[in-house]
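So the structure is just underneath, and the comments pick up after that.
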Amino acid sequence: MKKVLRTAKRAVAIFFTWSAVAILVYGICTLQLRVIIAAPLWYFIAGGLTIQSLSDIEGILTGDGKENVEQK
Numbered sequence: 000m001k002k003v004l005r006t007a008k009r010a011v012a013i014f015f016t017w018s019a020v021a022i023l024v025y026g027i028c029t030l031q032l033r034v035i036i037a038a039p040l041w042y043f044i045a046g047g048l049t050i051q052s053l054s055d056i057e058g059i060l061t062g063d064g065k066e067n068v069e070q071k
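Following numbering that gives the first Met the number 0, the numbering of the sequence shown begins with 0 at its first residue and continues without gaps.
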């Protein structure tokens, strides 16, 4: 299970990194400031939340999650 979640984290990181690069390149090529601003927001907000969610799921499944710490 850990290997699956680790692979999912890598896949998510690769996806959000390259999609942010593509958005940034598109924004630079078309000279659209709003698109240039959207690229880092996409990367940090959407990518960060997705990776954090995967980390939370991993913690819950392995017993290292925050919920188990609060119960002790």
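Beta carbons are placed, not taken as given, at the ideal position from N, Cα and C, and that holds for glycine.
Q | Alpha carbon of I35 to alpha carbon of I27, nearest angstrom | A | For this step, residue 35 is matched to residue 36 along the sequence shown. For this step, residue 27 is matched to residue 28 along the sequence shown. Their backbone Cα atoms lie some 7 Å apart in a straight line.
Q) Would the beta-carbon of T6 fall within 9 Å of that of Y42? A) Along the sequence shown, read from residue 1 onward, the residue named residue 6 stands at position 7. Along the sequence shown, read from residue 1 onward, the residue named residue 42 stands at position 43. The answer is no: Cβ separation not under 9 Å.
Q. On the premise that T61 lies in contact with K8, defined as a C-beta separation below 8 Å, what is that separation, rounded to the nearest angstrom?
A. As a first step, residue 8 must be located in the sequence shown, where it is residue number 9. As a first step, residue 61 must be located in the sequence shown, where it is residue number 62. Rounded, the Cβ-Cβ distance is 14 Å, inconsistent with contact.
Q.
So for Y4, helix, strand or coil by DSSP?
A. Here residue 4 is taken as the residue at index 5 of the sequence shown, counted from 1. According to the sequence displayed, residue 4 carries Leu and not Tyr. In the structure shown, L4 sits in a helix (DSSP, three-state: H, G or I).
Q: Please name the residue, chosen from A21, A45, E57 and Q31, that lies closest to V11 on a Cα-to-Cα basis.
A: Walking along the sequence shown from the start, residue 11 turns up at place 12. For the residues A21, A45, E57 and Q31, the minimum Cα distance to V11 belongs to A45.
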